[in-house]
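As you go down the protein sequences, you meet chains A and B in turn. Numbering-wise (my numbering), the first sequence opens with residue 9 and increments by one. Numbering-wise (my numbering), the second sequence opens with residue 7 and increments by one. Built from N, CA and C at the ideal position, the CB exists for glycine as well. Structure, as structure tokens:
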Amino acid sequence: MAKITYHTHNNKTHTVDVQKGLTVMEGAIQNDIPGIDADCGGGMACATCHVYVKEEWLDKLPTKEDGEEDMLDMAFEPKNNSRLSCQLIVSDELDGLEVNIPSKQG
Amino acid sequence: MNKTDVLIIGAGPTGLFCAHQLGIIGLSCEIVDNLDKAGGQCIELYPDKPIYDIPAVPECTGKELTNNLLSQIKPLNVKFHLNERVEELKKVEDRWHVKTSGGVEFDVAAIVIAGGVGSFEPRKFSVKECEKFEGSSLFYSIKDKSIFKDKTISIFGGGDSALDWAIELSNMSKINLIHRRDGFSGAESSVQKVKELNHHGKLNLFTKYQLDSVSGNKQIETVKIKHDEGEIKEIKSDYVLGFFGLIMQLGPILDWGLNIDKKTVHVNTENFETNVSGIFAIGDICSYPGKLKLILSGFHEGALAARGCFKYAKPDEKLRFEFTTTSKAAQERLGVKK
Chain A
9 MAKITYHTHN
19 NKTHTVDVQK
29 GLTVMEGAIQ
39 NDIPGIDADC
49 GGGMACATCH
59 VYVKEEWLDK
69 LPTKEDGEED
79 MLDMAFEPKN
89 NSRLSCQLIV
99 SDELDGLEVN
109 IPSKQG
Chain B
7 MNKTDVLIIG
17 AGPTGLFCAH
27 QLGIIGLSCE
37 IVDNLDKAGG
47 QCIELYPDKP
57 IYDIPAVPEC
67 TGKELTNNLL
77 SQIKPLNVKF
87 HLNERVEELK
97 KVEDRWHVKT
107 SGGVEFDVAA
117 IVIAGGVGSF
127 EPRKFSVKEC
137 EKFEGSSLFY
147 SIKDKSIFKD
157 KTISIFGGGD
167 SALDWAIELS
177 NMSKINLIHR
187 RDGFSGAESS
197 VQKVKELNHH
207 GKLNLFTKYQ
217 LDSVSGNKQI
227 ETVKIKHDEG
237 EIKEIKSDYV
247 LGFFGLIMQL
257 GPILDWGLNI
267 DKKTVHVNTE
277 NFETNVSGIF
287 AIGDICSYPG
297 KLKLILSGFH
307 EGALAARGCF
317 KYAKPDEKLR
327 FEFTTTSKAA
337 QERLGVKK
């Protein structure tokens, strides 16, 4: 288990234990955290699980695969710290990760 | 008014196979889809990516799967209504009357919603004032390019649509192409062409910029774009085009009184009927305990929903279970020649 903290756009904070091996997207869906739609189910074929990663965590994340940046072009208000949460696999290194969920996904 | 037994909403793999299942049990159907072609997510999101989990098909692309399904239902002469989105639903005695965005009307005995995650619509700018200009000087698709002649156009996006239009319109208009990063998702040859045009002053390329605001009276006059580092540029612009791909939205189905939770419609697993009698839901849009969002699940759901439609379409007849290998009736419907 790793602790992941999700900050929603209306300033609510949800800290949950997410099983290692699951993605940050799945952690949100399983815990009913609002604001992550994940329309394509984790296939990197949409951009509706978009999150902003807290700056100090950016270097610790797995690097973007081909295609993630392309999908982020389609996200709602992408920034430099944008990631698709379906591509972030939870591990010991990510224990304590904090992400902000955008005000909307579409 | 189109009178048919069943209206299928959504021409993705699930909807297409349901049409087949309706056809072999002797029911007629027509299909509505908001996209301009059949195939749904398979054709819109991953036409060239391989799929490995279709039973008995070791590997095929989204496009191949769609084409195979279309050829499988070809003998049934199913009528498609593309570029149409269902809008209104009305119960008239024991039939349903449905009307689409383009005014096409249907009179049907049952409805099968195979709408995936919703209908595809263009993803829009997040800047609030954009709505005011949408349709007059701000567009997400191009219907008549002649209006852009000798005008200044600001195009946003980095995919093929943005690049292709920037290249094409650079012959007759002054083009600003604005994208949020240095890399592009469009074809490499288009990226090279855009860079060349930029180099020769035929187009102005701004990377690491995003739209900050638009202003103007009735029409857009200027746009402000903001660099990653915070710098803001103001550029004159008669038109703004945004190409950010498509997003899926449930739309009017939300108002049909269906039991909807998290963008999915609750169904029973006996015949995939919703809480509203005569309205069925199959594929990614339906939910039930154990639901898997796989194409193969959609096929199974479509087969059962088709049989569920039978009692509404032919209330006085009894449906007999038959195999296509031996059923003369099914083979006739499929046009099998002996």
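Do ILE49(B) and LYS69(B) have their CB atoms nearer than 8 Å? Translated into positions along the second sequence, residue 49(B) becomes position 43. Translated into positions along the second sequence, residue 69(B) becomes position 63. Going by C-beta atoms, ILE49(B) is nearer than 8 Å to LYS69(B).
Near TYR146(B), which residues of its chain fall below 6 Å by C-beta distance, leaving aside the five closest residues on each side in sequence? If you number the second sequence from 1, residue 146(B) lands on position 140. These residues qualify, in order along the chain: PRO128, GLY248.
Which partner residues does CYS35(B) have in the DSSP bridge list? The residue you call residue 35(B) lines up with position 29 of the second sequence. Per DSSP, VAL12(B).
Where the beta strand (DSSP E) containing VAL282(B) begins and where it ends: Within the second sequence, the letter at position 276 stands for residue 282(B). Per DSSP, VAL282(B) belongs to no beta strand (DSSP E) and is neither H nor E.
Comparing C-alpha positions only, which one of GLU240(B), VAL273(B), GLN225(B) sits nearest to SER143(B)? On the second sequence, position 137 is the one that residue 143(B) refers to. Comparing Cα positions, the closest option is GLN225(B).
Continuous alpha helix (DSSP H) stretch holding PHE316(B): start and end: Looking up residue 316(B) in the second sequence gives position 310. Its alpha helix (DSSP H) spans residues 301 to 319.
Please list, in chain order, all residues of the same chain as THR56(A) whose beta carbon is under 7 Å from its beta carbon, the five residues on each side excluded. Translated into positions along the first sequence, residue 56(A) becomes position 48. The residues are ASP45, ALA46, ASP47, GLN113, GLY114.
Whole-Å CB distance - VAL24(A) paired with ILE37(A), under 8 Å assumed: Stepping through the first sequence from its first residue, residue 24(A) is reached at position 16. Stepping through the first sequence from its first residue, residue 37(A) is reached at position 29. VAL24(A) to ILE37(A), Cβ: 11 Å. No contact.
Relative to chain A, which residues along the stretch 193 to 213 of chain B have a C-beta separation below 7 Å, given in chain order? none
Does CYS57(A) come out as helix, strand or coil in the three-state DSSP assignment? As a first step, residue 57(A) is located in the first sequence; it is residue number 49 there, counting from the start. CYS57(A): coil per DSSP, three-state reduction.
Option in PHE190(B), GLU227(B), SER221(B), GLU36(B) with minimal Cα separation from ALA168(B): Counting from one through the second sequence, the residue named residue 168(B) turns up at place 162. Taking only the C-alpha atoms, the option nearest ALA168(B) is PHE190(B).
Does the beta-carbon distance from ASP156(B) to LEU88(B) come in below 8 Å? Counting from 1 along the second sequence, the entry for residue 156(B) is found at position 150. Counting from 1 along the second sequence, the entry for residue 88(B) is found at position 82. No. Outside cutoff.
Where does SER99(A) sit, in a helix, a strand or coil, going by DSSP? For the purposes of this step, residue 99(A) is identified with residue 91 of the first sequence, where counting begins at 1. In this structure, SER99(A) counts as coil in the three-state DSSP scheme.
Bridge partner(s) assigned by DSSP for GLY248(B): By 1-based counting over the second sequence, the position of residue 248(B) is 242. Its beta-bridge partners are PHE162(B).
Can you give me the C-alpha to C-alpha distance between LYS55(B) and PRO321(B), rounded to a whole angstrom? To locate residue 55(B), count along the second sequence from 1; it is residue 49. To locate residue 321(B), count along the second sequence from 1; it is residue 315. Those two C-alpha atoms are separated by around 43 Å.
Is there a Cβ of chain B sitting closer than 8 Å to that of LEU43(A), yes or no? As a first step, residue 43(A) must be located in the first sequence, where it is residue number 35. Here the sequence assigns Gly to residue 43(A), which means Leu is not the residue at that position. Closer than 8 Å: no.
Establish whether the CB of ASP234(B) and some CB of chain A are separated by less than 8 Å. Here residue 234(B) corresponds to residue number 228 of the second sequence, with the count starting at 1. Cβ-Cβ to chain A under 8 Å: yes for ASP234(B).
Which first and last residues belong to the alpha helix (DSSP H) in which GLU76(A) is found? The residue labelled residue 76(A) in the question sits at position 68 within the first sequence. It spans 76 to 80 - the alpha helix (DSSP H) in which GLU76(A) sits, taken as one unbroken run.
So, are the CB atoms of ALA172(B) and GLY16(B) less than 8 Å apart? By one-based count along the second sequence, residue 172(B) stands at place 166. By one-based count along the second sequence, residue 16(B) stands at place 10. Not closer than 8 Å, so no.
Neighbour list for LEU51(B) in chain A, Cβ cutoff strictly below 9 Å: In the second sequence, counting from the first residue as 1, residue 51(B) sits at position 45. Within chain A, the residues near LEU51(B) are CYS48, GLY51, ALA53, CYS54.
Does the beta carbon of PHE250(B) sit closer than 8 Å to a beta carbon anywhere in chain A? Within the second sequence, the letter at position 244 stands for residue 250(B). Yes, contact with chain A.
ILE117(B) versus PRO61(B) - alpha carbon distance: Within the second sequence, residue 117(B) is the residue found at index 111, counting from 1. Within the second sequence, residue 61(B) is the residue found at index 55, counting from 1. So the alpha carbons of these two residues sit roughly 27 Å apart.
Opposing strand residues paired with THR67(B) [DSSP bridges]: Here the question's residue 67(B) lines up with position 61 in the second sequence. PRO56(B), per the DSSP bridge assignment.
If we cut at 8 Å on Cβ distances, does ILE57(B) have a partner in chain A? Sequence index remark: in the second sequence, residue 57(B) carries index 51 (1-based). Not closer than 8 Å to any Cβ of chain A, the Cβ of ILE57(B) fails to qualify, so no.
Does the beta-carbon of ASP100(B) have 16 or more other beta-carbons within 10 angstroms, so that it is buried, or is it exposed? For the purposes of this step, residue 100(B) is identified with residue 94 of the second sequence, where counting begins at 1. ASP100(B) comes out exposed.
Verify the CB distance criterion: does GLY114(A) have a CB-CB separation below 8 Å to chain B? As a position in the first sequence, residue 114(A) is number 106, starting the count at 1. It does: the Cβ of GLY114(A) has a partner Cβ on chain B nearer than 8 Å.
Rounding to the nearest angstrom, what Cα-Cα distance links THR67(B) and ILE57(B) in this structure? In the second sequence, the residue the question calls residue 67(B) occupies position 61. In the second sequence, the residue the question calls residue 57(B) occupies position 51. The straight-line gap from Cα to Cα measures roughly 6 Å.
Report yes or no: is there a C-beta of chain A within less than 8 Å of the C-beta of GLY164(B)? In the second sequence, the residue the question calls residue 164(B) occupies position 158. Interface residue, yes.
In the DSSP output, which residue or residues are listed as bridge partners for TRP102(B)? Reading the second sequence from its first residue, position 96 is the one you call residue 102(B). For TRP102(B), which the question treats as bridged, DSSP gives the partners LYS97(B), VAL114(B).
Excluding the five sequence neighbours on either side, which residues of its own chain have a C-beta within less than 7 Å of the C-beta of GLU85(A), listed in chain order? What you label residue 85(A) is simply residue 77 of the first sequence in a count that begins at 1. Correct list, in chain order: PRO110.
Kindly indicate which residue of ASN8(B), THR20(B), GLY32(B) has the alpha-carbon position closest to the one of LEU325(B). As a first step, residue 325(B) must be located in the second sequence, where it is residue number 319. For LEU325(B), the nearest C-alpha among the options comes from GLY32(B).
Taking ASN274(B) as part of the beta strand (DSSP E), name the residues at either end of that continuous run. Counting from one through the second sequence, the residue named residue 274(B) turns up at place 268. Run containing ASN274(B): none; DSSP gives neither H nor E here.
Any beta carbon from chain B within less than 8 Å of PRO116(A)'s own beta carbon? A query on residue 116(A) cannot be resolved here, the shown segment of chain A reaching from 9 to 114 and no further.
Does any residue of chain A have a CB that is nearer than 8 Å to the CB of VAL246(B)? For the purposes of this step, residue 246(B) is taken as the residue at position 240 of the second sequence. No, VAL246(B) does not count as interfacial toward chain A.
Please classify ASN73(B): does DSSP put it in a helix, a strand, or coil? Counted from its first residue, the second sequence places residue 73(B) at position 67. In this structure, ASN73(B) counts as helix in the three-state DSSP scheme.
Name the residue from GLY192(B), VAL104(B), ASP188(B) whose alpha carbon lies nearest to the alpha carbon of ASP234(B). Locating residue 234(B) in the second sequence gives position 228, counting from the first residue. Comparing Cα positions, the closest option is ASP188(B).
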